[in-house]
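Each remark here refers to the structure printed beneath this line.
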Amino acid sequence: MTPPSWIAIPGIRRPTSAHELFHRIQYAHGYRTTWTPSGSYQWFSEGSAAWAEVFVWGRTSASNKLTGLFTNPDLNLWDASYQAQPFWIFFQIRQQDMPGENTLRSFLQRYHTLGNERTALAQIIDENWAPNNVYGQLDTFFALFAREREIGAWRTGPTGGAYPEILGPDGANIVPAVAETPVPLAAGASYTVSQTVSPLGSDYYHLSFQPGTDGHDLTVSVTVPPGGDYSYYLVWRKAQAIQLAQADALVLIISGRGAGGSYTLNAHIA
């Protein structure tokens, strides 16, 4: 644990020690010992080990581990590798039913039994939410993660903040901001785009209202192929208390759920 490059860069050694130790915990739960991983699995092996950096030290050994799913929100979670770090942070705090509960332990125990990281994740999420709660599905749980990235609540639990700040290797607090497509709309203006969204990825559109749009109607529609499966969130942006007639902007989030696919977005101010 003493490469010269680590010595020269502040804040690397401590989180990396937690990262490598967590790999040993994964091995104790069957990863590479009982079960041989295949396909895209580093979102689990490296992503959850990256989570351990923040869990133990409140910092990450590389800033892009934390910011990757913000700067590239359409990245398929299964392909995120180290950059799945914020998803595991979100998983940990949103799955907690009581303070101190270690939700990653429950996941690893299920993985030890099944040997399939995707199935283990889906089962643990499903079992933790009430049958009538829409977030009790992996696809919809991920869409909730997409919304919380937008409003900044992805690292806070139901009772408050779990990680009020996360430091980078240089000791600076990292405050990631999700990348959005800007859509300025004036009265009478329309916006149309055809795009694709990845499985377990999300697209963000920031619809901002130009002067002269007060009192006009905004219409937003998304057209998808037959059989498409998507999640949608509308997030109003306003500096003060929310009054829809006086909102400054609207953010539309389109999440691909398990399949992803193509869609056409239309927005118009009449």
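Heads up, this note's numbering is the position in the sequence shown plus 1271, with the first residue counted as 1. A virtual CB, placed ideally from N, CA and C, is assigned to each residue, including glycine. Model, not experiment: these values are computed from the prediction.
Continuous beta strand (DSSP E) stretch holding residue i: start and end
i, result
"S1487", "Note that residue 1487 corresponds to His in the displayed sequence, not to Ser. Segment: none, H1487 is in no beta strand (DSSP E) and carries neither H nor E."
"Y1476", "1473-1480"
"T1307", "No beta strand (DSSP E) holds T1307; DSSP gives it neither H nor E."
"L1456", "1452-1456"
Per-residue burial, residue i [other beta carbons within 10 Å of its own, 16 or more giving buried]
i, result
"Y1534", "buried"
"I1422", "exposed"
"T1287", "buried"
"T1338", "buried"
"Q1511", "Any reading at Q1511 needs caution, since the residue's pLDDT is 46, under 50, leaving its predicted position unreliable; the model's value is listed next. So Q1511 counts as exposed."
"T1305", "exposed"
"R1528", "buried"
"V1522", "buried"
"T1331", "buried"
"R1295", "exposed"
"E1317", "buried"
"G1531", "buried"
"G1442", "exposed"
"I1283", "buried"
"D1485", "exposed"
Cross-strand partners of residue i (DSSP beta bridge)
i, result
"Y1504", "I1524"
"A1540", "It is worth fixing the name first, because residue 1540 is Ile in this sequence and not Ala. DSSP output for I1540 lists L1489 as bridge partner(s)."
"Y1462", "A1538"
"R1330", "L1438"
"G1532", "V1468"
Host alpha helix (DSSP H) of residue i (start-end)
i, result
"H1294", "1284-1299"
"I1445", "Element bounds for I1445: n/a, residue is neither H nor E."
"N1399", "1388-1399"
Item to complete: Count the C-beta pairs between the stretch 1468-1481 and the stretch 1345-1352 that are closer than 8 Å, then say yes if the count reaches three, no if not.
Response: Touching, yes.
Worksheet item: Is the stretch 1530-1540 close to the stretch 1451-1464, with three or more CB pairs under 8 Å?
Response: Touching, per the Cβ criterion.
Worksheet item: Do three or more CB pairs link the stretch 1477-1492 to the stretch 1372-1389 at distances below 8 Å?
Response: Judged by Cβ distances under 8 Å, the stretch 1477-1492 makes no contact with the stretch 1372-1389, as fewer than three pairs qualify.
Worksheet entry | Segment contact flag, the stretch 1357-1370 with the stretch 1330-1346, C-beta cutoff 8 Å, min 3 pairs | Segments in contact, yes.
Worksheet item: Is the stretch 1439-1455 in contact with the stretch 1311-1328, if contact means three or more CB pairs nearer than 8 Å?
Response: Using a C-beta cut-off of 8 Å, the stretch 1439-1455 makes no contact with the stretch 1311-1328, since fewer than three inter-stretch Cβ pairs fall below that distance.
Practice prompt. Specify whether the stretch 1491-1505 and the stretch 1384-1400 touch according to this definition: at least 3 beta carbon pairs, one from each stretch, less than 8 Å apart.
Written response: The way I'd put it, the stretch 1491-1505 doesn't touch the stretch 1384-1400; fewer than three beta-carbon pairs between them come closer than 8 Å.
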